[in-house]
Amino acid sequence: MSDANTSWDPSKPILEIDHLSISFFTRLREIPAVMDFSCKVMAGESMGLVGESGCGKSTVALAVMRDLGKNGKIVAGSIKFKGRELVTMGDEELRHIRGSEIAMIYQEPMASLNPAMKVGAQLAEVPMIHQGMAQAEAWKLARQIVADVRLPDPDRILNAYPHQLSGGQQQRIVIAMALMSKPALLILDEPTTALDVTVEAGIVDLVKDLGHKYGTSLLFISHNLGLIMDVCDRLCVMYSGEAVETGNVIEVFDTMRHPYTQALFRSIPLPGADKNTRPLISIPGNFPLPHERPNGCNFGPRCDYFQAGRCDAGDIPMSEVPVGDRHATRCLKWAEIDWNAPPAARVVKPKSPIGKVVLKMEDLKKYYSISSGAFGGGTAKVVKANETLSFEAHEGETLAIVGESGCGKSTFAKVLMGLETATSGSIMLFDENVQSTPIQKRNVDTVSSVQMVFQNPFDTLNPSMTVGRQIIRALEVFHYGKSDEAREARMLELMDLVKLPRAFADRMPRQLSGGQKQRVGIARAFAGGAKVVVADEPVSALDVSVQAAVTDLLMDIQRENKTTLLFISHDLSIVRYLSDRVLVMYLGHVVETGTTDQVFQPPYHPYTEALLSAVPVADTKVIRKRIVLEGDIPSAVNPPPGCPFQTRCRWKGQVPDGLCDREMPPVKVLEGGHQIKCHLSDEILSQMEPVIKMAAE
Amino acid sequence: MTDILSWPMIFALMAKQFWPVWVALVLTFALSIRFKRRLGLYGKLFDSPVGMAGFAIVMFWVFTAVFADVIATMPPLDQIGSVKNPLPGTPVVDLKPGQFPWFLLGGDHLARDIFSRMVVGARQVLIIAPAATTFAFIVGITLGLPAGYLGGKLDTVLSFLANLVLAFPVILLFYLLVTPEIVKTGYVIHLWFLGGHLENGVGVGGFTWIASIPNLMAAVLFVFPIIFFGILLNSRFHTNRPKRNLYVGVTLVIGIWAYSGLAFNADPVGVWGMSPNLLNVFVAVVFVNAPTVFRIVRGIVMDIKSRDYVSAAQTRGERSWYIMLWEILPNARGPLIVDYCLRIGYTTILLGTLGFFGLGVSPESPDWGSTINAGSKLLSMIPHPAVVPALALMSLVLGLNLLADGLREESMKD
């Protein structure tokens, strides 16, 4: 493409980062974001950067683009792209490289697209600017690339505005835009985090294939180890601004040589983990703030193998692991640690007995009517958010409600909480019908016994009230205790219960980390002795190492109080780990329900099968069947006729007479109370193969 | 002593006259900068040069208003000598003992000292503008919260009314509200049994109130603070009856006492009261500003009401007013504080405009608007009587705008 290409030898690394240090300068101090970071990306190779939020992985990516903002500065080291130094490169030269030889894809697709420009025009702009291509030719190229990113009907898409596309389609357009000038290096910063799992699976497949097809090198940033395994050849684990381990993906996953990597793997739910017999092990302590990093090893204070006087003596260099494919670790003791030793004694907790029925829903329906006219006129449309939802939940049980966005799981939670009233059907809570009772009319007992834990830790607490005050407010509203002193004491007990220091009661929410905020949210939900707790994706916004701790906490409190937990989630790994029964929802319908074993073993509902196969698993021993769903989730305003899943179902051909297009399938009850809403015959269902298999040891 | 002072001398003498302001400013800045890390948004203001400059100008006028009696060289309403429109720096003829010997910034057509009028005028402006803005905010917030949070028909009706007020030409509205004819027309309510007595079957004395448009509006608008603070405390403490009764009771007693004085001029003790002219101006300013505040509050509420902490409050069965006042309002404070500063500036200009049209407080009052009006007649020949208050007005509004800019900038960081 450019003349620089001619002087570059393809056997040399495309990107070579050497001892890179980046700092941000604030009013108060210099905050080192990345220290002594080195990595090499060869041509056609895909490199993964893994780490928790705040570890500096995105900063590295931005440094490669030289887009660190006003406050960020590269203080040491070098970044070489095709042998050319980026750190000292001038703005004019950089502009030629950005978007043409190095392209970047961000997390939020809508933020990367210009909402006022047609998709085609945005795509065509790239080669027109960088290669001076003629407009007609550029549009032709755009059409071809849009077809390459597997979007249906490219001509329609090119003439659409970004808001007319779904999230998955938008992200494909962003990828297409990045590929327009056939870059040598593609940086992807959490490209699928904002998308649903089944859509994510499609994007991941696409990125992998395109990487091979165009010979593009990838720098793939993610917090999800499973995704990294799916996409990358090599990875670099980062912790608190430093690379702690780097190497071949398989090698690092199977024979990790850094305690942080090991702890990370022990804290994520893998198939086979179970909350009672093999609980997750969370990493103790907190991620150090950039200006409070310890001496020596940053991971030292949280490490099981920490040795005072040695690990905290001074800076620790990366050391090569001799047997390995460019495998290196930033640990002094890697050669001494017995990496195969099982984790220290785990407390096996007894499974809590499942009691009587606490909550029973029958034929619950919730329709919304939306009017299209600006002045309330126009024809009213009906959104069927929940259709004939029936289930029971028992005391002490964890019932998981699984489904992607738009499946109606949040509406269901709202109806149960009383924030909305159901259109029809009944909700029996302790033998009391609360279906048509909005929350204002419920008595204090009912309100305090059904509580909720929210998804977003940064939004769950009122930012202008102290933590303690917020818990006390819940106690006041639930008429707990006779005096302010009694409530104060109870609040401190609740802080103990969620394992937060009592001193945190006087802090403002912004002084707490995400995991700590979520703990406060849990304490607040349990303030009135809740019997039923709805947890709406309580850990999905948290870092991996914190997720385990918060999940465990939730389980412990449940065990003690015999609470019924309704766990809403899209993350099947965590659902398998902690739930007793599972309810799979799609477009307002319950498509499958049964015990966890029943749902995770064949026969499956076709949607469950696809969902299971879409979840990335960070285990090299697991063989997973790839089923990628075509298309997007249909809109609930305009659901397809017949079976809601028929538009994306790969088994549709097995049902005679096009029954799926015409009729809503009946609920089929299989052995053990396992229910599936599908037209497939028993015969075909019984022939289904498991999606996830453990490789023979 | 007969020479006119040179400009450097005039400035030196003025700077000397302002000494309490300098002391107060230095103290304020020293203390604020010393403790700025502990003072929240106010402390952060001292990281922004623009914000600091704005704050300094605003505080200069605030302290001037506070120490006006010490700073002013002469009584603002008295004629000094007999020379009309003396130039800046003119010595006072037939000096009495203890009197300041110069017209620092000259005198006006009645030979009143302009410097002193400007200083005392600051007091007028700095009492009415913030007070009227505060009232406008209370009215706007009390109506904007339910409109944004509850939505529906209430929102439609309130928004329509707000648009109606905003669509009406402001100056015309002021003429309607403030002209004496309008003020005097209205049904007269005469309650002789309140402190009066009967004479031959006719009530004498007692309480008289004219139901004119400004008076009626005052009666309506002045209820809002009582409603606002009543609901604020009730929603927070309704779980604790004795405490609630105490707090809400105290609010109601003070509120109704002040209300009787301010709206009906019928305070039995005589602490609260407002001259009819002032009342008219006040009501007019509140009436014009409240709809804008209403719209701002409504917009912010619609954004915040979808947050999880609002849902959390709903799921624990909190009442709507608690959610609006304690969960939503505190988190809307950033943009509201910025708008508050800007709005005091607008109100100051509005008061100046009113004064200029002769709709101000009282004819001889030293407020800046009236002074500019009085001075404007001879503007081409003798500019100083109009220019001095105009510059004062401009600098105060500029300061408020800079302060708002600084606050906005700092509240957006981190």
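Just so you know, the protein sequences line up as chains A and B, in that order.
Numbered according to our numbering, the first sequence spans residues 1 to 697.
Numbered according to our numbering, the second sequence spans residues 1001 to 1414.
Here a beta-carbon is modelled for each residue, glycine too, at the ideal position from N, C-alpha and C.
Predicted model only: the values in this text are computed from it and were never measured.
For residue i and residue j, which I take to be in contact (beta-carbon distance under 8 Å), what is that distance rounded to the nearest angstrom?
| i | j | result |
| --- | --- | --- |
| B/LEU1398 | B/GLY1051 | Rounded, the Cβ-Cβ distance is 13 Å, inconsistent with contact. |
| A/GLY588 | A/CYS407 | 7 Å |
| B/GLY1043 | B/LEU1400 | Not confirmed; about 19 Å, so no contact. |
| A/VAL533 | A/LEU565 | 5 Å |
| A/ILE221 | A/ALA328 | Their Cβ separation, rounded to whole angstroms, is 19 Å, which puts A/ILE221 and A/ALA328 out of contact at 8 Å. |
| A/PRO616 | A/ASP230 | 5 Å |
| A/SER38 | A/ALA76 | Actually they are not in contact, since the Cβ atoms of A/SER38 and A/ALA76 sit about 12 Å apart, beyond 8 Å. |
Ignore the nearest five residues each way along the sequence and tell me which others in residue i's own chain have a CB closer than 6 Å to its CB.
| i | result |
| --- | --- |
| B/ALA1266 | PHE1207 and SER1260 |
| A/PRO201 | Per the sequence presented here, residue 201 of chain A reads as Ala, with Pro not at that position. ALA614 and VAL628. |
| B/LEU1379 | ALA1386 |
| A/THR192 | GLU200 and ILE203 |
| A/LYS668 | ILE676 |
| A/ALA194 | GLN107 and GLU108 |
| A/ARG302 | ILE283, PRO284 and GLY285 |
| B/LEU1393 | GLY1352 and TRP1368 |
| A/ALA422 | LEU364, LYS366, VAL415 and GLN435 |
Please go through the same chain and pick out, in chain order, the residues whose beta-carbon is closer than 7 Å to the beta-carbon of residue i, but skip the five residues on each side of it.
| i | result |
| --- | --- |
| A/VAL691 | GLU609, LEU612, SER613, ARG624 and LYS625 |
| B/PHE1046 | SER1032, ILE1033, LYS1036 and MET1052 |
| A/LEU151 | ILE157, GLN169 and ARG172 |
| B/LEU1172 | none |
| A/ARG487 | ILE472, LEU475, GLU476, TYR480 and GLY481 |
| A/SER58 | ASP189 and ILE221 |
For a test of the three-state rule: what should DSSP assign to residue i, helix, strand or coil?
| i | result |
| --- | --- |
| A/ALA4 | Annotation note: pLDDT 46 at A/ALA4 (below 50); position unreliable, no value reported. |
| B/THR1353 | helix |
| B/LEU1105 | coil |
| B/THR1315 | helix |
| A/HIS19 | strand |
| B/TYR1149 | helix |
| B/LEU1191 | strand |
| A/GLN687 | coil |
| A/ASP536 | strand |
| A/PRO301 | helix |
| A/ILE316 | coil |
| A/ILE354 | coil |
| A/ALA335 | coil |
| A/HIS679 | coil |
| A/THR198 | helix |
| A/GLN451 | strand |
| A/ILE281 | coil |
| A/ASP700 | Within the shown structure, residues of chain A are numbered from 1 to 697, placing residue 700 of chain A beyond reach of any answer. |
| B/TRP1209 | strand |
Near residue i, what residues of its chain come up, given a Cβ to Cβ distance below 8 Å and the 5 sequence neighbours on each side ignored?
| i | result |
| --- | --- |
| A/ALA374 | At A/ALA374, the pLDDT of 46 sits below 50, so the modelled position is not reliable and the matter cannot be decided from this model. |
| B/GLY1089 | ILE1004, LEU1005, SER1006, TRP1007, MET1009, ILE1010, TRP1102, PHE1103, LEU1104 and GLY1106 |
| B/PHE1356 | GLY1369, SER1370, ILE1372, ASN1373 and SER1376 |
| A/ILE145 | LEU123, ALA176, LEU179 and MET180 |
| B/SER1212 | ILE1182, VAL1183, LYS1184, THR1185 and GLY1186 |
Count the CB pairs spanning the segment 1143 to 1158 of chain B and the segment 1290 to 1297 of chain B that are closer than 8 Å, and state whether there are at least three.
-> For the pair of segments examined, the segment 1143 to 1158 of chain B was found to touch the segment 1290 to 1297 of chain B: the number of CB pairs separated by less than 8 Å reaches three.
Complete alpha helix (DSSP H) runs within the segment 552 to 638 of chain A (minimum length 4 residues, chain order) = Complete alpha helix (DSSP H) runs here, min 4: 572 to 578, 596 to 600 and 606 to 614.
Taking the runs of the alpha helix (DSSP H) that are 4 residues or longer, which of them lie wholly in the segment 126 to 158 of chain A?
-> If we require 4 residues or more, the alpha helix (DSSP H) runs fully inside the segment 126 to 158 of chain A come out as 135 to 148 and 154 to 158.
Using 8 Å as the Cβ pair cut-off and three pairs as the minimum, do the segment 487 to 495 of chain A and the segment 523 to 535 of chain A touch?
-> Contact between the segment 487 to 495 of chain A and the segment 523 to 535 of chain A is present, because at least three Cβ pairs lie under 8 Å.
Jot down the residue ranges of each uninterrupted alpha helix (DSSP H) in the segment 1010 to 1095 of chain B, minimum 4 residues, whole runs only, in chain order.
-> 1019 to 1034, 1040 to 1044, 1049 to 1066 and 1068 to 1071, all fully within the segment 1010 to 1095 of chain B.
Does the segment 311 to 322 of chain A come within contact of the segment 579 to 587 of chain A, defined as at least 3 CB pairs closer than 8 Å?
-> Contact between the segment 311 to 322 of chain A and the segment 579 to 587 of chain A is absent: fewer than 3 CB-CB pairs across the two stretches fall below 8 Å.
At 3 residues or longer, and completely inside the segment 419 to 444 of chain A: list those beta strand (DSSP E) runs for me, N to C.
-> Along the segment 419 to 444 of chain A, the beta strand (DSSP E) occurs as fully enclosed runs of 3 or more residues at 424 to 429, listed in sequence order.
Is there contact between the segment 234 to 251 of chain A and the segment 39 to 54 of chain A, where contact requires at least three CB pairs shorter than 8 Å?
-> Yes, since at least three Cβ pairs between the segment 234 to 251 of chain A and the segment 39 to 54 of chain A fall closer than 8 Å, the two stretches touch.
Determine, using beta-carbon pairs with one atom in the segment 1072 to 1083 of chain B and one in the segment 1321 to 1336 of chain B, whether at least three such pairs fall under 8 Å.
-> Fewer than three beta-carbon pairs drawn from the segment 1072 to 1083 of chain B and the segment 1321 to 1336 of chain B are found closer than 8 Å, and the two stretches are therefore not classed as touching.
Touching by the beta-carbon criterion (3+ pairs, under 8 Å), the segment 19 to 32 of chain A and the segment 89 to 104 of chain A = When Cβ pairs closer than 8 Å are counted between the two stretches, the segment 19 to 32 of chain A is seen not to touch the segment 89 to 104 of chain A, the count staying below three.
Touch test, the segment 1147 to 1156 of chain B against the segment 1300 to 1307 of chain B, Cβ-Cβ under 8 Å, three pairs minimum = Enough Cβ pairs lie closer than 8 Å, so yes.
Which ranges does the alpha helix (DSSP H) cover as unbroken runs of at least 4 residues, wholly within the segment 30 to 85 of chain A, from first to last along the chain?
-> The segment 30 to 85 of chain A contains, as complete alpha helix (DSSP H) runs of 4+ residues, the segments 57 to 64 (chain order).
Three or more C-beta pairs below 8 Å linking the segment 451 to 463 of chain A and the segment 1308 to 1321 of chain B = Touching, yes, given that three or more Cβ pairs across the two stretches are closer than 8 Å.
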